[in-house]
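Enquirer:
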């Protein structure tokens, strides 16, 4: 199940060559719409995957577990691994949010 969450994170690397081939055969206005739409879709998918990677580690915190009425944390591996993945995904999500705010401020 965890490999399904890594698919949206790896998909942008595969989408680049496909979009490059399509853009050369489209008129400029349609090419811009295709690139903007695919970029927005890939960004939304990556953000959702990072958010879903945070959930199992967050359930180790008592306030979060109480919100879900959980007796045991959600985990698909050892607690150390789950928390490490949560920290990495959370920091990537925070960096993405900071870049978004910086771009909106400019």
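Residue numbers (my numbering): 2 to 107. Glycine residues also receive a C-beta, built at the ideal position from the N, C-alpha and C atoms. Computed from a prediction, not measured in an experiment: that's the story for all the values here.
Give the single residue among 51, 65, 82 whose Cα lies nearest to the Cα of residue 93.
Expert: To locate residue 93, count along the chain shown from 1; it is residue 92. For the residues 51, 65, 82, the minimum Cα distance to residue 93 belongs to 51.
Enquirer: Take residue 83 as the anchor and find which of 49, 61, 31, 5 has the nearest alpha-carbon.
Expert: As a working note, residue 83 is residue 82 in the chain shown. When only C-alpha atoms are compared, the closest one is 61.
Enquirer: Tell me whether residue 103 sits in a helix, a strand or coil according to DSSP, three-state version.
Expert: Your numbering for residue 103 matches position 102 in the chain shown. Reduced to three states, the DSSP call for residue 103 is helix.
Enquirer: With a cut-off of 8 Å on the beta carbons, I'd call residue 87 and residue 57 a contact; round off their distance for me.
Expert: Mapped onto the chain shown, residue 87 falls at position 86. Mapped onto the chain shown, residue 57 falls at position 56. Yes, they are in contact, since the Cβ atoms of residue 87 and residue 57 sit about 7 Å apart, within 8 Å.
Enquirer: Would you tell me roughly how many angstroms separate the C-alpha atoms of residue 34 and residue 11, rounded to the nearest one?
Expert: The residue you call residue 34 lines up with position 33 of the chain shown. The residue you call residue 11 lines up with position 10 of the chain shown. Cα to Cα, the separation comes out at about 22 Å.
Enquirer: If we count the other Cβ atoms within 10 Å of its Cβ and call it buried at 16 or more, is residue 90 buried or exposed?
Expert: Mapped onto the chain shown, residue 90 falls at position 89. Counting Cβ neighbours within 10 Å, residue 90 comes out buried, since at least 16 surround it.
Enquirer: Determine the closest residue to residue 20 out of 53, 81, 38, 7, with distance taken between C-alpha atoms.
Expert: For the purposes of this step, residue 20 is taken as the residue at position 19 of the chain shown. Of the listed residues, the one whose Cα sits closest to residue 20 is 38.
Enquirer: Compute the Euclidean distance between the alpha carbons of residue 98 and residue 69, then round it to the nearest angstrom.
Expert: Counting from 1 along the chain shown, the entry for residue 98 is found at position 97. Counting from 1 along the chain shown, the entry for residue 69 is found at position 68. C-alpha separation (whole angstroms): 25 Å.
Enquirer: Using a threshold of 8 Å, state whether the C-beta atoms of residue 46 and residue 9 are closer than that.
Expert: As a position in the chain shown, residue 46 is number 45, starting the count at 1. As a position in the chain shown, residue 9 is number 8, starting the count at 1. Yes, they are a contact pair.
Enquirer: Pull up the distance between the alpha-carbon of residue 7 and that of residue 31, whole angstroms please.
Expert: Position 6 of the chain shown, counting from 1, holds the residue named residue 7. Position 30 of the chain shown, counting from 1, holds the residue named residue 31. Cα-Cα distance, rounded: 30 Å.
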